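Read through the structure below, which is laid out as structure tokens, and then see the notes.
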Amino acid sequence: MTSALVPGSFDPPTKGHVDVIERTVTVFDSVVVAVIRNPSKTPTFPASERISMLEEIFSGEPKVTVASFDGLLVDFARQRGVDVIVKGLRAVTDFEYELQMAQMNFHLAGIETAFVAASPEFGYLSSSLVKEVARFGGSVEALVPPNVVLRLKERFADG
Ligand code: PNS
């Protein structure tokens, strides 16, 4: 049984995240999606809501578990006994920082990181841009799952 940990802020989850998680599911026996409770920037959605959104999206996928963590990712990885951290790479601009984190995580705990190349159609997607589009009334239907569209509409209803 091989397990993967897909960590992130997921503030909110986008179709790019979903693509990476779905493809991770095809390679591993089980996948823990790990939501960081307190990211460096104050999140738009509380952890409980980010977790609910992911649970709704993957409710039909028994291999996926959604959890949250604080502190070092490697401590959470050890606690859950996962084999590999999986990250999505959208473009070469993601690579430098992701490589640094992968090397640090290997240094700290000897855990490997594997990368999934984002599908080109989602290469430009980020949670920050999605929120900016939603905040100013743009269409986000093609960028996030339907349950996230609703949460964004609620969140930015007052402009
Ligand atoms: O979706 P994001 O914001 O790119 O996710 C970043 C995340 C949560 C994966 C990263 O910030 C992280 O692993 N934070 C936990 C703290 C930690 O372990 N830091 C050292 C890693 S090198």
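Oh and the sequence shown: position 85 is 74 in my numbering, straight run, nothing missing.
Where a beta carbon is used, it is the ideal one built from N, C-alpha and C, also for glycine.
Every value quoted in this text rests on a predicted model; they were computed, and no experiment measured them.
If you count every other CB in all the chains shown that lies within 10 Å of the CB of residue i, and 16 or more means buried, which is it?
i, result
"residue 30", "exposed"
"residue 75", "buried"
"residue 124", "exposed"
"residue 42", "buried"
In terms of residue numbering, what span does the beta strand (DSSP E) encompassing residue i cover?
i, result
"residue 77", "73 to 78"
"residue 103", "101 to 106"
"residue -5", "-8 to -3"
Tell me, please, which residues DSSP counts as bridged to residue i.
i, result
"residue 56", "23"
Taking the C-alpha atoms as reference points, what is the distance between residue i and residue j?
i, j, result
"residue 4", "residue 128", "14 Å"
"residue 0", "residue 71", "23 Å"
"residue -2", "residue 77", "13 Å"
"residue 116", "residue 146", "18 Å"
"residue 38", "residue 99", "32 Å"
"residue 89", "residue -4", "15 Å"
"residue 126", "residue 142", "9 Å"
"residue 105", "residue 44", "21 Å"
"residue 58", "residue 35", "13 Å"
"residue 120", "residue -7", "28 Å"
"residue 79", "residue 47", "22 Å"
"residue 10", "residue 20", "8 Å"
Helix, strand or coil for residue i per DSSP?
i, result
"residue 14", "helix"
"residue 41", "helix"
"residue 62", "helix"
"residue 131", "coil"
"residue 110", "helix"
"residue 30", "coil"
"residue 0", "coil"
"residue 5", "helix"
Considering residue i, what are the terminal residues of the alpha helix (DSSP H) in which it resides?
i, result
"residue 117", "116 to 124"
"residue 143", "135 to 144"
"residue 97", "81 to 98"
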